[in-house]
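In mature numbering (1 follows the signal peptide of the UniProt record, and there is no 0), the protein residues as written are -18 to -1, 1 to 104.
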Amino acid sequence: MNTFLLLSLSALVCWVSADIRCHSCNTFPVVGCVDRKSCLLEQGHQCLTTHVYLGKMWLYSKLRCGSAKEPCLEGINKTNELTYNTTCCRTDSCNSFAPRPSPVLSLSLLTPFAGLGFWLLH
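In C-alpha cells:
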C-alpha cells in the first residue's frame, strides 16, 4: 500500500511540474502563422502574444516565450500610428495563433465571393 501511495505521489509531482510550451510564430492577415514553432517556457517567465494594429485594423501578431532578455510586460503601448497590445499567460499552449480579424478585413475578403455568387445566379 505504501508503495502504491509513493508511486501515485511521484506521478502527481511529475505531472504538475511538466514543461510548459508556448506557441512561437509571426501571424499575418490572410497568410496566417509563418515560421510556426513551439518554445519551452523558462522557469518564472510567461508566454507572450503581441497584436499590432494600425487604428482598428490588425496588421500582425508575434507569439513567443518570455525570457530574461525579453520578459512579458502586459499592456497597451501606442506610437504615432501603431498600437501594440501585449498579453501574458502561463499555461501550456495558452497563447493563441491569431486574433479575430478586423471587420474591415473580413468584409474585404467576402466581397469577391459575394460578387461571384451574384454573377453565377444571372
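Virtual Cβ for every residue (Gly too), placed ideally from N, Cα, C.
Simplified DSSP assignment, three categories, for residue i
i	result
R82	Model confidence at R82 stands at a pLDDT of 48, short of 50, so the residue's coordinates are unreliable; what they give is reported in the following sentence. In the structure shown, R82 sits in coil (DSSP, three-state: anything other than H, G, I, E or B).
L22	strand
L(-10)	Note that L(-10) scores 44 on pLDDT, short of 50, meaning its location in the model is unreliable and no value can be drawn from it.
L41	strand
L102	helix
C54	coil
Supposed close pair residue i, residue j - CB separation, criterion 8 Å
i	j	result
C4	N67	The pair is not a contact, with the Cβ atoms about 17 Å apart (cut-off 8 Å).
L30	G48	5 Å
C7	L41	Rounded, the Cβ-Cβ distance is 15 Å, inconsistent with contact.
residue 123	C70	In this structure the chain extends from -18 to 104, so residue 123 is not present and cannot be described.
R72	Q25	With 8 Å as the limit, R72 and Q25 do not qualify as a contact, their Cβ atoms being about 11 Å apart.
Range of the contiguous beta strand (DSSP E) that encloses residue i
i	result
C7	R3 to F10
Distance cut-off 7 Å: residue i Cβ against heavy atoms of the ligand MG
i	result
D17	This structure lacks the ligand MG, and indeed carries no ligand of any kind.
Any C-beta of chain B under 8 Å from that of residue i
i	result
L22	In summary, chain B is missing from the structure at hand, where a single protein chain is found.
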